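Chemist:
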Amino acid sequence: MVTEKVVSRKYALAFGVLCVVLMVIVGGVLQLQIANLQSQLSSDKSATNSMKSTIAKMNATITNLEGQLSLDPNRIINGFSIIQITDTQYLSDTHSTLYDGLTSWIAEKANALNLTMVVHTGDIVQVPNSTIDWQNASNAMMTLFNNGIPYCWNAGNHDQIDGNGTAGSGNPNGSWIGGNYPAFSVTTMRHRPYWVGDIFGGKNTAAQFTYGNYHFMIINIEYNANQAVLDWMQTIIKANPNVNVIVAAHDFLNGVGNYGTSKSADKTWATNFEKLLGNYPNVFMTLNGHAAQQGMGTAFNKKVGNREEVFFNRQMLVNDQGAACARIYTFEISNPASATVNVYTYQTFNTPNYITDPLNQFNFNTNLKAYWPSTVNVAKGTDFLEASGCKVDFASSAAMNGFSQNGNSLTFNGLNLNGANSNFTFTTLGADVTISKYDVTSGISYTVSGIGSQTFSLNNAPVSVDIDGRPASKGWTYSKGEVAVTGATSSVVVNLH
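Quick look at the structure:
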């Protein structure tokens with residue numbers, strides 16, 4: 063498989079080089095013809111308008127060739143690409159063949175682009191409880207899954223079920239049914255090697271990839287995310303300080319460079335979100351869609367410190383077919399201290415072509431961090447949230463060199479607490495947990511808020527377990543290096559000697 067990809071990429075690069083050479087030759091021939099015609103014009107005052115028209119057409123052809131050269135995806139020198147798609151709601155609802163065409167084009171170009179991730183920034187469907195919309199969306203996105211292309215997403219307001227049946231009004235405290243469909247099933251995605259975590263049924267997701275010694279993470283935040291989601295995002299960012307983070311929200315920047323939409327709640331949320339991101343210098347880029355109001359434009363980008371903020375949404379163009387566009391971000395990192403990100407926009411419907419206006423074809427520079435393991439100090443009371451929203455925290459401050467959340471499993475790498483140091487995985491279902499003592503040689507103690515079950519790694523089988531202050535013969539098991547406790551309502555003490 064690896065050999066096939068390498069060979070395929072070599073052929074793609076060779077083909078790209080051949081195309082470039084042919085374009086240069088054709089351009090040169092046309093320029094010689096133009097010079098000849100211009101010479102005739104200067105010596106013959108009776109030159110016809112036809113000759114002038116021919117020159118204009120040749121100039122246009124050269125301009126088009128130059129544009130194709132600048133947009134040729136095979137020109138990647140030292141880097142990779144990610145692709146953003148967004149607000150596919152009308153595609154899912156009434157133009158499903160265009161959605162299929164979009165993901166098929168991405169799959170076809172993945173090798174040539176050295177594609178590492180596709181990010182869907184929400185409003186996957188038009189009607190949040192429409193089985194047809196979700197089936198169409200899932201079918202299209204499964205093209206990526208079946209071709210081994212990593213992707214992630216967040217829930218837009220049209221994906222959230224708000225409880226009163228109003229389509230598209232959105233409710234970050236509500237549910238969604240996207241997780242019932244194969245392409246958006248977090249149960250399936252948690253087995254993907256690039257998956258970092260998710261919360262609240264997959265309305266918010268996180269994924270990762272590496273390029274050389276550079277680690278990247280994309281954290282996807284649903285429409286007007288609530289405080290629990292924002293805490294989840296911040297914990298992941300703070301626990302991975304040497305990872306280059308892209309935050310992908312549904313609603314944030316708008317088409318005139320402000321935050322939110324005309325809705326007061328949108329403005330307030332987005333303005334506060336911008337201030338929140340300012341606390342995290344390793345967030346070097348944001349992506350979002352949503353703000354497609356008339357008069358506000360379909361694209362905008364601006365620099366805020368080291369962070370490039372990008373808005374993109376063409377959903378309402380061409381009779382609501384405009385979302386069939388891929389926004390391509392190509393990273394060239396020969397000089398990581400000032401990496402260049404070239405941004406292209408490709409329309410995959412009607413007459414497929416690159417959109418070359420300055421808002422859809424541009425570049426920016428950013429400073430990327432090389433990765434190295436480092437110790438992160440975690441204050442007591444810091445909540446680590448699992449997928450169902452239950453949390454684990456520590457009764458006293460702790461140190462670790464990495465943290466990840468995958469479903470309901472929380473993994474602390476190099477955890478140092480009470481003098482013990484090891485990798486530690488904790489799963490909690492139905493209850494919040496505060497760890498007061500953790501020692502790989504003597505045991506673990508924690509308090510429970512709520513009724514549920516907990517599973518965690520431990521080197522040795524317990525000698526005894528106290529549940530709710532009493533020695534317990536039932537309610538716990540040890541198997542394959544894991545202790546499982548059920549039914550605790552207040553406290554658990556696991557003794558190893």
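Residues 63 to 559 (this note's numbering) are what the sequence shown spells out, left to right.
Note that CB positions come from ideal geometry on N, CA and C, so glycine has one too.
Note that the coordinates shown come from a computational prediction; the quantities given were computed from them, not determined experimentally.
#1: Return the chain-ordered list of same chain residues with a C-beta closer than 7 Å to the C-beta of Asn453, the five sequence neighbours on each side being excluded.
#2: Excluding the 5 residues preceding and the 5 following Thr348 in the sequence, name in chain order all residues of the same chain whose CB lies nearer than 8 Å to its CB.
#3: May I ask you to report which of helix, strand or coil DSSP gives Lys171?
#4: Start and end of the alpha helix (DSSP H) containing Val380?
#5: Express the C-alpha separation of Gly322 and Arg389 in angstroms, rounding to a whole number.
#6: Three or more C-beta pairs closer than 8 Å, one from the stretch 465-474 and one from the stretch 486-501: is that the case here?
#7: Between the Cα of Ala353 and the Cα atoms of Lys329, Gly317, Lys365 and Lys364, which residue gives the shortest distance?
#8: Hey, how far is the Cα of Met179 from the Cα of Pro212?
#9: Find the nearest neighbour of Ala301 within the set Tyr285, Trp331, Lys325 and Val345, judged by alpha-carbon distance.
#10: Beta-carbon separation of Gln188 and His220 under 9 Å?
#11: Using only CA atoms, which one of Asp455, Ser511, Ser459 and Leu520 lies nearest to Asn485?
#12: Per the contact definition of three or more C-beta pairs closer than 8 Å, is the stretch 270-280 in contact with the stretch 419-433?
#13: Is the beta carbon of Asn286 less than 9 Å from the beta carbon of Asn266?
#14: Compare the C-alpha of Thr413 against each of Ala401, Gln383 and Val440 and name the closest.
#15: CA-CA distance, Phe402 and Glu394?
#16: Secondary structure at Asn363, three-state DSSP: helix, strand or coil?
#17: For the stretch 208-264, which segments carrying the beta strand (DSSP E) assignment without a break, of at least 3 residues, lie completely within its bounds, in sequence order?
#18: Is it buried or exposed for Val366, if we count other Cβ within 10 angstroms and need 16 for buried?
#19: What would DSSP say about Glu128, mapped onto helix, strand or coil?
#20: Quick one: measure Cβ to Cβ for Lys499 and Asn475, integer angstroms, because I've assumed they're closer than 8 Å.
#21: Can you give me the Cβ contacts of Val83 inside the same chain, cut-off strictly under 8 Å, excluding the 5 residues immediately before and after it?
#22: If Met203 sits next to Ala245, beta carbons under 8 Å apart, how far is it from one beta carbon to the other, in whole angstroms?
#23: Helix, strand or coil for Ile283 per DSSP?
#24: Please report the residue range of the beta strand (DSSP E) in which Thr297 lies.
#25: Going by the DSSP bridge assignment, what does Ile529 pair with across the sheet?
#26: Fully enclosed by the stretch 391-419, which beta strand (DSSP E) runs are 3 residues long or longer?
#27: Suppose you measure from the CA of Gly263 to the CA of Trp238; what does that come to, to the nearest Å?
#28: Please classify Ala354: does DSSP put it in a helix, a strand, or coil?
#29: I'd like the span of the alpha helix (DSSP H) that includes Ala332, first residue to last.
#30: Quick check: what's the CA-CA separation for Val556 versus Ala534?
#31: Going by beta carbon distance, what residues of the same chain come within less than 7 Å of Gln355, once the five residues before and after it are set aside?
Modeler: Result, derived from the coordinates:
#1: As a working note, residue 453 is residue 391 in the sequence shown. Inspection of the sequence shows that residue 453 is occupied by Lys rather than by Asn. Around Lys453: Asp445, Phe446, Leu447 and Asp494.
#2: Locating residue 348 in the sequence shown gives position 286, counting from the first residue. The beta carbon of Thr348 sits closer than 8 Å to those of Ile308, Val309, Ala310, Ala311, Phe314, Leu315, Leu339, Arg369, Glu370, Glu371 and Val372, all from its chain and outside the five residues before and after it, given in chain order.
#3: Residue numbering aside, residue 171 sits at position 109 when the sequence shown is read from its first letter. Helix.
#4: The count along the sequence shown starts at 1 and reaches residue 380 at position 318. Residues Leu379 to Asp382.
#5: Residue numbering aside, residue 389 sits at position 327 when the sequence shown is read from its first letter. Residue numbering aside, residue 322 sits at position 260 when the sequence shown is read from its first letter. Using only the alpha carbons, I get a separation of about 21 Å.
#6: Contact between the stretch 465-474 and the stretch 486-501 is present: 3 or more CB-CB pairs across the two stretches fall below 8 Å.
#7: As a first step, residue 353 must be located in the sequence shown, where it is residue number 291. For Ala353, the nearest C-alpha among the options comes from Gly317.
#8: What you label residue 179 is simply residue 117 of the sequence shown in a count that begins at 1. What you label residue 212 is simply residue 150 of the sequence shown in a count that begins at 1. Rounded to whole angstroms, Met179 to Pro212 spans 5 Å at the Cα level.
#9: Reading the sequence shown from its first residue, position 239 is the one you call residue 301. Selection Tyr285, Trp331, Lys325 and Val345 evaluated against Ala301 yields Val345 as nearest (Cα-Cα).
#10: If you number the sequence shown from 1, residue 188 lands on position 126. If you number the sequence shown from 1, residue 220 lands on position 158. Yes, the pair counts as a contact, with Cβ atoms nearer than the cut-off.
#11: Counted from its first residue, the sequence shown places residue 485 at position 423. For Asn485, the nearest C-alpha among the options comes from Leu520.
#12: Taking a cut-off of 8 Å for Cβ pairs, the stretch 419-433 and the stretch 270-280 touch, as three or more such pairs fall below it.
#13: Stepping through the sequence shown from its first residue, residue 286 is reached at position 224. Stepping through the sequence shown from its first residue, residue 266 is reached at position 204. No, the Cβ-Cβ distance between Asn286 and Asn266 is not below 9 Å.
#14: Reading the sequence shown from its first residue, position 351 is the one you call residue 413. Thr413 has its Cα closest to that of Gln383, out of Ala401, Gln383 and Val440.
#15: In the sequence shown, the residue the question calls residue 402 occupies position 340. In the sequence shown, the residue the question calls residue 394 occupies position 332. Residue identity check: residue 402 is Thr in the sequence provided, not Phe. Rounded to whole angstroms, the gap between the alpha carbons of Thr402 and Glu394 is 5 Å.
#16: Translated into positions along the sequence shown, residue 363 becomes position 301. Looking at Asn363 - three-state DSSP - the assignment turns out to be strand.
#17: Correct list: 213-215 and 257-261.
#18: The sequence position of residue 366 within the sequence shown is 304, counting from 1. So Val366 counts as exposed.
#19: The residue you call residue 128 lines up with position 66 of the sequence shown. Legend: pLDDT at Glu128 = 45, less than 50; position of this residue unreliable, value from coordinates given subsequently. DSSP places Glu128 in helix when its eight states are reduced to three.
#20: For this step, residue 499 is matched to residue 437 along the sequence shown. For this step, residue 475 is matched to residue 413 along the sequence shown. Not really, about 20 Å apart at Cβ, beyond 8 Å.
#21: The residue you call residue 83 lines up with position 21 of the sequence shown. Residue confidence is low: Val83 scores 47 on pLDDT, short of 50, so the model does not pin down where it sits. No coordinate-derived value is stated.
#22: Sequence index remark: in the sequence shown, residue 203 carries index 141 (1-based). Sequence index remark: in the sequence shown, residue 245 carries index 183 (1-based). The C-beta distance from Met203 to Ala245 rounds to 4 Å, short enough to fall under 8 Å.
#23: Residue mapping note: residue 283 aligns to position 221 of the sequence shown, counting from 1. Strand.
#24: Within the sequence shown, numbered from 1, the residue matching residue 297 stands at position 235. No beta strand (DSSP E) holds Thr297; the alpha helix (DSSP H) holding it covers Gln289 to Lys300.
#25: As a position in the sequence shown, residue 529 is number 467, starting the count at 1. Arg532 and Val554, per the DSSP bridge assignment.
#26: Complete beta strand (DSSP E) runs here, min 3: 401-409.
#27: Start at 1 with the first residue of the sequence shown, and residue 263 comes out as number 201. Start at 1 with the first residue of the sequence shown, and residue 238 comes out as number 176. Those two C-alpha atoms are separated by around 8 Å.
#28: Position 292 of the sequence shown, counted from the start, is the residue given in the question as residue 354. Three-state DSSP puts Ala354 in coil, outside helix and strand.
#29: For the purposes of this step, residue 332 is identified with residue 270 of the sequence shown, where counting begins at 1. Start and end: Ser326 to Leu339.
#30: Reading the sequence shown from its first residue, position 494 is the one you call residue 556. Reading the sequence shown from its first residue, position 472 is the one you call residue 534. The alpha-carbon atoms of Val556 and Ala534 are separated by roughly 10 Å.
#31: Within the sequence shown, numbered from 1, the residue matching residue 355 stands at position 293. So the qualifying residues of the chain are Thr323 and Ser324.
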